[in-house]
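Quick notes on the structure that follows.
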Amino acid sequence: MDVDVRFRRYVEDYKLFTKTDKVLVAVSGGRDSMLLLTLLYRCGVRVELAHCNFQLRNEESDGDEQLVLNYAAQLGVKTYVHRFDTTSYAESHKISIQMAARELRYDWFEKVRKESGCKYIAIAQHKNDHVETVLLNLSRGTGLLGMQGILPKRGKILRPLLFLTSAEVLEAVNTLGIPYRDDSSNFSNKYARNKIRLDIIPQFEQLSSDFVDIMNDNILRFQESQRVLQYFVDQKREELLVKIGPDDWEIAKESIRGQDLALLYFLFEPFGFSKNVLTDLIQSLDKESGRVFESDSHRLLVDRTRLKLRHKHYEEEVAQLNAGQEILVWRNYSFTVCTSPDFSIDRNVAIAQLDYDKLVFPLIVRSWQEGDYFQPLGMEGKKKVSDFLIQKKINLFDKREVPIWFNGNGELIWIANYQIDNRYKITENTQKVLKLVCNISRYEYK
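Residues in the sequence shown are numbered from 1 upward in steps of one, following the UniProt record's numbering.
What follows is the structure, encoded as structure tokens:
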């Protein structure tokens, strides 16, 4: 079966794109990407071409660029070329040259895709790349997710050559007479991926000449296993985690007590918690409540009967109230705002009556932060907000849930539902009152 037929069948089997889609093809000038461009062109897909010149190999890089331009002109394909100062980028971001090239490449591809109206970006990776990726993941430590290798379609990225080995790619470009250039850096053992390609895979092929095909079959089974596992884990997560806000969950302690650590790891994997943290969590279930565990993105509080899980960015949400604005929403709270000639004091803690002329707009609403302080009503001295809330027996998570209002000059004016600041109370000199009413609208998310 010729390569064009196999290519079309692979595209159809994985539903990579339709004939009406426009595809941006990443073309380096090497045999893989030149074949990909040719196959897409030959099957009638609307294609445009993007070439990165990383300026790392002097004349070689320029030669690659010229080859791509010449071939694109021959096919009549619109071409985008960008030259990157890869070395400077790597130095300024303190990353490797390889990582710098990857970041620059994919960021630019996405920019061009959007500006050109292309639906997808096609990348030339084949079966050998697939195996290299899995072996590289294994060498660095990976779970089942890392064993999946490269997916044919992930978001806007397509990899339509995963049905070919590198030997088949070489045979195809020679048969079709497609020009290409070899990248000399691919033959250096300086990089880990090259060591796997040049040294490790050939040793496996001595044990089995079909090693690459066998590994690709295994990878497909890993992908199928991951899909099945993910289905059951998602169901279990839906069962155990109660969503009470956009980025806010609660879990009954009893529901995870005695659960297998491996299951807990999969359940909490989207939230970034390591197995070590989860081991500590399990051990803390029967201890004093109030302990907090953190990942890079989330916090988890062990309360008396439940666990509370929240995204950190949720705690950083800030809202502004401009002069004349009548309603403000912050998280699950809404506030109604009005100016009032009524100077009678309302003792309801959900209502704040403030001396309007002392306010500087816009007013700010946010959660508590370390170092916040205020002047309690009827007192001359300052008090830390943290100490005040602890005295009210509010735990860390609920502490961060309390709306704190600030004047435009940075001074705290109201701890909503608790107390206003003494400096902004109504006095005999007050001419105008700003009235804030706090309404709580807390509900479960499905």
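Where is the CB? At the ideal position from N, CA and C, for every residue including glycine.
Please read these numbers as outputs of a predicted model, since none were measured by experiment.
Here G272 is exposed, its C-beta having fewer than 16 other C-beta atoms within 10 Å. Cβ-Cβ separation between I201 and H130: approximately 11 Å, too far for a contact (criterion under 8 Å). If one requires a minimum length of 3 residues, the beta strand (DSSP E) runs lying completely within the stretch 32 to 87 are 46 to 53 and 79 to 83, in chain order. Burial of D421 is indicated by the presence of at least 16 other C-beta atoms within 10 angstroms of its C-beta.
Spatial neighbours of P362 in its own chain (CB-CB distance under 7 Å, excluding positions within 5 residues in sequence) are listed in chain order as Q320, L321, N322 and G408. Beyond the five residues adjoining it in sequence on each side, R310 comes within less than 6 Å, by CB distance, of D248 and R299 in the same chain, given in chain order.
Going by beta carbons, L301 and L240 fall outside the 9 Å limit. Here the alpha carbons of D2 and Q74 stand approximately 23 Å from one another. In this chain, the alpha helix (DSSP H) harbouring N174 covers S166 to L176. A167 counts as exposed, since fewer than 16 other beta carbons sit within 10 angstroms of its beta carbon. If you draw a straight line from the Cα of R181 to the Cα of A72, it is about 15 Å long. Taking C-alpha positions only, A26 is separated from I196 by approximately 24 Å.
Of the residues S344, K243 and L164, the one whose Cα lies closest to the Cα of R6 is L164. Per the coordinates, the alpha-carbon of L176 lies some 16 Å from the alpha-carbon of V68. With respect to the 9 Å criterion, V337 and K435 are classified as neighbours on the basis of their beta carbons. Annotation for R366: the continuous beta strand (DSSP E) segment containing it runs L363 to R366. Here F374 is bridged, per DSSP, to K383. Taking C-beta atoms as the reference points, Y418 and F388 count as a pair closer than 9 Å. Sequence-distant Cβ neighbours of C118 in its own chain, meaning closer than 7 Å and more than five residues away, are K22, V23, L24 and E48.
With contact defined as three or more Cβ pairs closer than 8 Å, the stretch 141 to 160 and the stretch 218 to 234 are in contact. Contact annotation, I404 with D372: C-beta distance approximately 7 Å; criterion of less than 8 Å satisfied.
Restricting attention to K236, R8, F54 and N439, the CA atom closest to the CA of S88 is found in F54. Per DSSP, the beta bridge partners of T336 are I327 and V437.
Closest in C-alpha terms to N174, from the list A352, R9, M34 and K393, comes M34.
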